[in-house]
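As given, the protein sequences belong to chains A and B, one line each in that order. Offset between the first sequence (1-based) and this note's numbering: plus 378. Offset between the second sequence (1-based) and this note's numbering: plus 1. Contents: one structure, followed by commentary.
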Amino acid sequence: MTRFVRQAQYLSFLVPILAVYSLFTIYPLLKAFFLSLTNFDGYSKVYDFVGMKNYVRIFSDDALLSALSFTLFFTVAKALLVTVFAIPLAIIFDQKFLTRNLHRAIFFFPSIPSGLLLAYIWGFILAPVDSGVMNKILRELFGIGPQPWLADPLLAKISTVVVASWAVTGWHAILYLAFLQAIPKEYYEAAAIDGASRLQQFRHITLPLLAPAMTISVMLLLTGGLKVYEIPFALTKGGPGFETYSITQVIVLRGITETQYGLASAMSIVFFFIVLVVAVFQVTIMQRREQNLQ
Amino acid sequence: MAARSFDAPAGIVVFFPFYLIIINTFKTMQETARNPVALPSKWIFTNYIQVFEETTVLRSFGNTLTITFFSVVLIVLIGAMGAYPVVFNPNRLTRVAMIYLLAGFMIPFQATLIPLFQLMSDLHFIDKHYGLIILYTSNSVFVFFLMMGYMKTIPRDLSEAAVIDGCSVWGIFWRIILPLLKPITITSVIFETMWIWNDFLAPMLFLNSSSKSTLVLEIYKAKGEFAVQWPMFMTLTVITLIPIFIFFLLMQKHIVKGIAAGAVKG
Chain A
379 MTRFVRQAQY
389 LSFLVPILAV
399 YSLFTIYPLL
409 KAFFLSLTNF
419 DGYSKVYDFV
429 GMKNYVRIFS
439 DDALLSALSF
449 TLFFTVAKAL
459 LVTVFAIPLA
469 IIFDQKFLTR
479 NLHRAIFFFP
489 SIPSGLLLAY
499 IWGFILAPVD
509 SGVMNKILRE
519 LFGIGPQPWL
529 ADPLLAKIST
539 VVVASWAVTG
549 WHAILYLAFL
559 QAIPKEYYEA
569 AAIDGASRLQ
579 QFRHITLPLL
589 APAMTISVML
599 LLTGGLKVYE
609 IPFALTKGGP
619 GFETYSITQV
629 IVLRGITETQ
639 YGLASAMSIV
649 FFFIVLVVAV
659 FQVTIMQRRE
669 QNLQ
Chain B
2 MAARSFDAPA
12 GIVVFFPFYL
22 IIINTFKTMQ
32 ETARNPVALP
42 SKWIFTNYIQ
52 VFEETTVLRS
62 FGNTLTITFF
72 SVVLIVLIGA
82 MGAYPVVFNP
92 NRLTRVAMIY
102 LLAGFMIPFQ
112 ATLIPLFQLM
122 SDLHFIDKHY
132 GLIILYTSNS
142 VFVFFLMMGY
152 MKTIPRDLSE
162 AAVIDGCSVW
172 GIFWRIILPL
182 LKPITITSVI
192 FETMWIWNDF
202 LAPMLFLNSS
212 SKSTLVLEIY
222 KAKGEFAVQW
232 PMFMTLTVIT
242 LIPIFIFFLL
252 MQKHIVKGIA
262 AGAVKG
């Protein structure tokens with residue numbers, strides 16, 4: 379009897395987390411799946427099952443197709459850009475120099491405030507008109523005319539990726555730095571005695587030992603990239619046209635603004651599966667890595 | 002050395018946007034339009050006075066503080082409570098619960114957004130701070146896994162000895178386990194604070210009236226109102242950055258430690 383009471387007491391500790399998680403995560407996900415099979419418009423109580431119709435409609439929805447392609451481009455481009463800059467940055471942070479802590483702080487700080495706020499600051503720099511700071515600098519230093527940084531489809535996409543990468547490169551450099559500091563200095567000393575150049579040391583010692591960090595960093599960038607919302611929204615409002623719409627922005631537009639609950643739910647379910655594929659991929663790679671280490 | 006010659010200019014480029022918004026808060030609109038990059042020809046402070054008079058930035062700060070504080074306390078508590086039976090009294094039921102919660106990592110907020118919107122209005126949680134706080138508590142799944150990892154490092158003898166001494170299940174948690182969780186609690190509090198303080202999507206969807214606004218929401222609305230009055234908008238931005246900057250200065254070491262610990266553990 380007392381054993382039973384003890385067990386019940388232990389289990390009672392799980393009640394709050396199971397309750398909020400079931401109510402705010404699992405139930406809405408199941409409901410989204412259910413709604414995606416209906417033509418529910420958010421208001422009328424009467425609605426019909428329409429089968430896979432919403433899923434078919436997704437693929438003729440220009441906004442969603444555009445958002446899908448931009449979100450994937452953004453995710454991959456940002457992951458590449460951040461990785462290419464974060465690794466050398468981590469190596470620099472690992473060396474001793476006078477302003478090291480100041481530099482770490484400068485690169486790290488942009489990952490702390492909200493992306494919305496950062497994107498608005500960049501909006502001032504990249505303003506398309508003559509008065510935009512970037513255009514002013516280009517004209518005065520190089521005599522180049524004003525560029526439509528946020529109005530041209532390709533330039534807008536690139537600007538969004540650059541701003542988002544600027545914000546998180548320092549964060550990922552710190553992640554790499556943690557792994558870098560775990561590499562024994564003897565490896566480099568031994569390699570130097572054997573006559574390996576600095577470049578060879580980087581290629582054959584640093585890079586392989588940073589591989590686990592790269593797995594984590596890239597996976598964080600991929601899952602985070604797919605969920606992007608604030609930065610393109612604040613920088614370009616998704617424009618020009620639907621060129622820089624994120625998947626999240628389309629779900630909000632179709633679902634909340636236009637109350638096309640069925641269609642928007644189908645989009646969220648597709649989005650869920652995209653994230654799921656990446657997440658499963660992530661778990662598989664992580665496990666394989668751990669097995670290799672054992 | 003090559004590293005150093007790259008470093009200084011790169012640092013300047015990365016810092017440039019912050020330099021830019023800070024100096025322009027001390028200029029008139031005309032001067033900002035004419036020369037945004039240089040230091041102000043005459044330093045003025047009227048933008049700051051005007052922002053405090055014309056916007057509700059202080060109220061939004063209070064709102065954000067309230068929402069973040071209560072959400073984070075609840076999240077950390079609920080997460081730690083959930084991890085306790087899973088680690089210290091494992092059985093088939095707790096294992097099932099753990100796997101069920103693990104699925105949470107795969108479900109993005111965005112995928113649940115439409116039904117969540119309906120649910121929040123059915124519960125009359127729209128435009129209520131407590132509604133948003135309760136919604137945020139579902140973030141405790143992340144903390145649950147952090148706590149679980151940390152609790153496994155606490156020796157089992159400790160709780161077993163307490164059982165022999167007649168300590169109740171509740172007593173063990175509050176008096177023995179919880180005080181030992183300090184390091185992981187700091188990490189959890191920092192990451193959850195950053196996420197909730199900065200969140201835009203949920204406040205945008207679930208808080209309507211401007212008296213309930215968070216700081217990020219206030220910035221979003223100000224962008225529409227101030228339009229091209231850049232010095233005013235940037236002053237508001239700088240003011241909202243001040244608490245974030247203080248948080249950063251105080252917590253930088255802990256944040257770095259958290260990233261490193263999370264990373265090394267995988």
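All residues carry an ideal CB built from backbone N, CA and C; glycine is no exception.
is_contact[residue i, chain A] using C-beta, thresh 8 Å
i	result
Thr56 of chain B	no
Ser141 of chain B	yes
Val74 of chain B	no
Ala98 of chain B	yes
Gly267 of chain B	In this prediction, Gly267 of chain B scores a pLDDT of 39, lower than 50, which makes its location untrustworthy; the coordinate-derived value is nonetheless stated afterwards. Yes, its Cβ sits closer than 8 Å to a Cβ of chain A.
Phe71 of chain B	no
Ile220 of chain B	yes
Whether residue i touches residue j by CB criterion (8 Å)
i	j	result
Thr56 of chain B	Trp198 of chain B	no
Ala410 of chain A	Ile135 of chain B	no
Leu555 of chain A	Phe451 of chain A	no
Gly80 of chain B	Ile395 of chain A	yes
Ile185 of chain B	Leu159 of chain B	no
Pro18 of chain B	Lys28 of chain B	no
Glu219 of chain B	Val58 of chain B	yes
Phe143 of chain B	Gly83 of chain B	no
Asn48 of chain B	Pro232 of chain B	yes
Val73 of chain B	Glu193 of chain B	yes
Ala445 of chain A	Val648 of chain A	no
Ile100 of chain B	Leu407 of chain A	no
Leu600 of chain A	Ala457 of chain A	yes
Thr449 of chain A	Ile625 of chain A	yes
Leu415 of chain A	Val428 of chain A	yes
Those residues which DSSP pairs with residue i across a bridge
i	result
Thr154 of chain B	Bridge partners of Thr154 of chain B: none, in fact.
Thr416 of chain A	A:Phe427
Straight-line gap, residue i to residue j (C-alpha atoms, nearest Å)
i	j	result
Phe412 of chain A	Ser543 of chain A	37 Å
Val653 of chain A	Phe659 of chain A	10 Å
Asp419 of chain A	Ser646 of chain A	16 Å
Met195 of chain B	Ala568 of chain A	43 Å
Val257 of chain B	Ile484 of chain A	14 Å
Met2 of chain B	Gln579 of chain A	Residue placement at Met2 of chain B cannot be trusted, given a pLDDT of 41 that sits under 50; what the coordinates show is reported in the next sentence. Going by the C-alpha atoms only, they are around 17 Å apart.
Leu442 of chain A	Arg157 of chain B	52 Å
Leu313 of chain B	Val170 of chain B	Since the displayed chain B opens at 2 and closes at 267, residue 313 of chain B lies outside it and no answer follows.
Met597 of chain A	Ala112 of chain B	19 Å
Val539 of chain A	Glu608 of chain A	12 Å
Ser438 of chain A	Asn25 of chain B	46 Å
Leu237 of chain B	Val630 of chain A	27 Å
Arg435 of chain A	Ile187 of chain B	47 Å
Leu532 of chain A	Thr637 of chain A	31 Å
Pro562 of chain A	Leu585 of chain A	14 Å
Ile23 of chain B	Leu494 of chain A	17 Å
Gly616 of chain A	Tyr388 of chain A	49 Å
Any non-hydrogen atom of the ligand HEM closer than 7 Å to residue i Cβ
i	result
Tyr565 of chain A	Ligands in the displayed structure: none, and consequently the ligand HEM is not present.
Cross-chain neighbours of residue i in chain B, by beta carbon under 7 Å
i	result
Arg384 of chain A	Val170
Glu608 of chain A	Phe201
Proximal residues of chain B, C-beta to C-beta of residue i below 8 Å
i	result
Ser643 of chain A	Ile115, Pro116
Ile515 of chain A	Val38
Chain B contact for residue i (CB, 8 Å cutoff)
i	result
Thr380 of chain A	no
Val596 of chain A	no
Gln672 of chain A	Low local confidence applies: a pLDDT of 46 at Gln672 of chain A is under 50, so the model's placement there is unreliable, with the coordinate-based value given in what follows. By this cut-off, Gln672 of chain A is not an interface position.
Glu567 of chain A	no
Ser646 of chain A	yes
Val511 of chain A	yes
Thr461 of chain A	no
Asp530 of chain A	no
Asn417 of chain A	no
Phe402 of chain A	yes
Lys431 of chain A	no
Chain A residues whose Cβ lies nearer than 7 Å to that of residue i
i	result
Lys224 of chain B	Tyr498
Pro204 of chain B	What Pro204 of chain B touches in chain A: nothing, since even the nearest Cβ is about 11 Å away.
Asn90 of chain B	Tyr388
Met148 of chain B	Those within 7 Å of Met148 of chain B in chain A number zero; the least Cβ separation is about 10 Å.
Per-residue contacts from residue i into chain A (C-beta, under 9 Å)
i	result
Val268 of chain B	Since the first and last residues shown for chain B are 2 and 267, residue 268 of chain B lies out of range.
Gly132 of chain B	In chain order: nothing, as chain A lies at least about 11 Å away.
Amino acids of chain A, ordered along the chain, whose beta-carbon sits closer than 8 Å to that of residue i
i	result
Thr47 of chain B	Per Cβ cutoff of 8 Å: no residues; Thr47 of chain B is ~19 Å from chain A at best.
Ile243 of chain B	None at all; the shortest Cβ gap to chain A is about 11 Å.
Met82 of chain B	Phe391, Leu392, Pro394, Ile395
Neighbour list for residue i in chain B, Cβ cutoff strictly below 9 Å
i	result
Ser575 of chain A	Here the premise fails: no neighbours, minimum Cβ distance about 13 Å.
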